[in-house]
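According to this note's numbering, the stretch in the sequence shown is residues 43 to 139, in order. A virtual CB, placed ideally from N, CA and C, is assigned to each residue, including glycine.
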Amino acid sequence: MSDSPTFLLRVAAAWTVPGLGLLALPAGPDAALRAHALHTSLPIEARLPGGPRAAGTATVEEIEREGATSYGLLIDLGALATVPPGTEIWHVPGPGE
C-alpha cells in the first residue's frame, strides 16, 4: 500500500452520533470508501475549508438514508466536535500500513 495520503471524501453533511463520534457523508461517489472493508479503522486528516487541519481516526460505515445505501465515515477528531460541508477527509497511512 502507498504511504502517500489518499483522498477519501469531501463532506456533504456531518452530524454527531452520541457516544460514537461524528458521522460524515460524502458529497459525491463513495468508491474510495468502498475500497475498504466495513468497520476498517483508518488514520485520517480532516482538511477544513480555509486551511485548518485536524488528525484523527475513522471507521468505514454503511449508511442507509432515504432508501439509498452509501458508505460514510464515523470519525473521531478529538476536541474538534464538527466539520463543515466541504471538509476533505484524507487517509494518512501510518508506519507498517
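Nearest neighbour of residue i, chosen from the options [CA to CA]
| i | options | result |
| --- | --- | --- |
| T129 | S83, T111, L64 | L64 |
| W132 | E87, A79, P60 | E87 |
Buried/exposed call for residue i, threshold 16 Cβ in 10 Å
| i | result |
| --- | --- |
| E103 | buried |
| R89 | buried |
| A56 | buried |
| P91 | exposed |
| H81 | exposed |
| G114 | buried |
| V125 | buried |
| L62 | exposed |
Residue j beta carbon less than 8 Å from that of residue i
| i | j | result |
| --- | --- | --- |
| P135 | D45 | yes |
| A96 | L122 | yes |
| R52 | A74 | no |
| L182 | S112 | The requested residue 182 does not occur in the structure, where the chain is confined to residues 43 to 139. |
Range covered by the beta strand (DSSP E) that runs through residue i
| i | result |
| --- | --- |
| A110 | 110-118 |
Opening and closing residue of the alpha helix (DSSP H) in which residue i lies
| i | result |
| --- | --- |
| L33 | Beyond the ends of the chain as shown, which are 43 and 139, falls residue 33; an answer cannot be given. |
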